[in-house]
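Here is the structure we will look at.
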Amino acid sequence: MDELQQRILKEGKNLGNGILKVDSFINHQVDPMLMDACGREFARFFSGLGATKILTAEISGIAPALTTALHLGLPVVYARKTKPVTMPDQVFLTLAPSHTKGRMVELIVSPEYLAGGEKILIIDDFLASGSTIHGLVRLAQTAGSRVVGIGTLIEKSFEGGRAALAPLGVPVFSLAVISAMEDDHITFA
Numbered sequence: 005m006d007e008l009q010q011r012i013l014k015e016g017k018n019l020g021n022g023i024l025k026v027d028s029f030i031n032h033q034v035d036p037m038l039m040d041a042c043g044r045e046f047a048r049f050f051s052g053l054g055a056t057k058i059l060t061a062e063i064s065g066i067a068p069a070l071t072t073a074l075h076l077g078l079p080v081v082y083a084r085k086t087k088p089v090t091m092p093d094q095v096f097l098t099l100a101p102s103h104t105k106g107r108m109v110e111l112i113v114s115p116e117y118l119a120g121g122e123k124i125l126i127i128d129d130f131l132a133s134g135s136t137i138h139g140l141v142r143l144a145q146t147a148g149s150r151v152v153g154i155g156t157l158i159e160k161s162f163e164g165g166r167a168a169l170a171p172l173g174v175p176v177f178s179l180a181v182i183s184a185m186e187d188d189h190i191t192f193a
């Protein structure tokens, strides 16, 4: 998606070690018009899958998941990283490594909102190694649901996430695919 790529080139910062800072429009401050355009593009691509719910990870995946959900008319469930007191004792929980936090994080979903028989569309901000998305897949599968598609705003193809997700046999669609990040240069596939 050209608009997203242009914003990455203009405002994105390569911090080294595979970290791309996009805080000014995705991860800290959110551009709602850009997210709406991204959601519309995801909805166009995934409209024929029959998804019944969108699943994402807290916090940066919420904006693109929500705008996608608006265009598809679906609810959004986001995996929490800490369990609030309002959540039941029995939850779906998995661990996933966080590249930006440099440690394992919990992904927690209440069974109240992720039930068996759902057709899950996963929408997230990044696809790098695929670890967080695999965590979301595990949550959906533990609930007895089936993942029907995966969408990400930005894919860093040089980290191998797409290949790691290939055995799932579902469509993977990224709006901006980065093939290399060296010094101040970001190269799109």
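Here our numbering runs 4 ahead of the position in the sequence shown, where the first position is 1.
Don't be surprised by glycine CBs; every beta carbon is placed ideally from N, CA and C.
Nearest to residue 31 by CA position, among 128, 97 and 174, is which residue?
Measuring from the Cα of residue 31, the nearest candidate turns out to be 128.
Alpha-carbon to alpha-carbon, residue 185 and residue 49
Note on geometry: alpha-carbon atoms of residue 49 and residue 185 lie some 27 Å from one another.
Going along the chain, which unbroken runs of the alpha helix (DSSP H) with 4 or more residues stay wholly within the region 124–150?
As far as the region 124–150 is concerned, its whole alpha helix (DSSP H) runs of at least 4 residues are 135–146.
Check whether the Cβ of residue 162 lies closer than 9 Å to any Cβ atom in chain B.
Protein chains in the displayed structure number just one, and chain B is not present.
At least 3 beta-carbon pairs within less than 8 Å: the region 55–63 vs the region 137–152:
Judged by Cβ distances under 8 Å, the region 55–63 makes contact with the region 137–152, as three or more pairs qualify.
Using alpha carbons as the reference points, say which of 35, 90, 163 and 82 lies closest to residue 131.
Among 35, 90, 163 and 82, the Cα nearest to that of residue 131 belongs to 163.
State the DSSP-derived secondary structure class of residue 51, mapped to helix, strand or coil.
If DSSP states are grouped into helix, strand and coil, residue 51 belongs with the helices.
Going by beta carbon distance, what residues of the same chain come within less than 8 Å of residue 66, once the five residues before and after it are set aside?
In the same chain as residue 66, and ignoring 5 residues on each side of it, the C-beta atoms closer than 8 Å to its own belong to 60, 80 and 82, in chain order.
Looking only at its own chain, which residues have a Cβ that is under 6 Å from the Cβ of residue 26, when we skip the five neighbours before and after it?
Beyond the five residues adjoining it in sequence on each side, residue 26 comes within less than 6 Å, by CB distance, of 16 in the same chain, given in chain order.
Quick one: what's got a C-beta closer than 8 Å to residue 182's C-beta in the same chain, skipping five residues either side?
If we look at residue 182 and ignore the five residues flanking it on each side, its Cβ neighbours are 12, 24, 158, 159, 160, 161, 162, 190, 191, 192 and 193.
Contact belief for residue 116 with residue 101 at Cβ below 8 Å, rounded distance in angstroms:
Actually they are not in contact, since the Cβ atoms of residue 116 and residue 101 sit about 27 Å apart, beyond 8 Å.
By Cβ distance, which residues of its chain are closer than 7 Å to residue 98, with the 5 residues on each side in sequence left out?
Contacts found: 111, 139, 142 and 143.
What's the C-alpha gap between residue 114 and residue 124?
Taking the CA atoms as reference points, residue 114 sits about 15 Å from residue 124.
Secondary structure of residue 18, DSSP reduced to three states:
In the structure shown, residue 18 adopts extended strand secondary structure according to DSSP, grouped into three states.
Less than 9 Å separating the beta-carbons of residue 96 and residue 75?
Note that the C-beta distance between residue 96 and residue 75 is not below 9 Å.
Could you check whether residue 147 and residue 118 sit closer than 9 Å to each other, using their CB atoms as the reference points?
Taking a C-beta distance under 9 Å as the contact criterion, residue 118 and residue 147 qualify as a contact pair.
Short Cβ contact (9 Å threshold) for residue 20 with residue 103:
Going by C-beta atoms, residue 20 is not nearer than 9 Å to residue 103.
Residue 106 versus residue 156 - alpha carbon distance:
Cα-Cα distance, rounded: 21 Å.
If you reduce the DSSP assignment to three classes, tell me which class residue 103 lands in.
Coil.
Does the distance from the C-beta atom of residue 55 to that of residue 8 stay below 9 Å?
Cβ atoms of residue 55 and residue 8: not closer than 9 Å.
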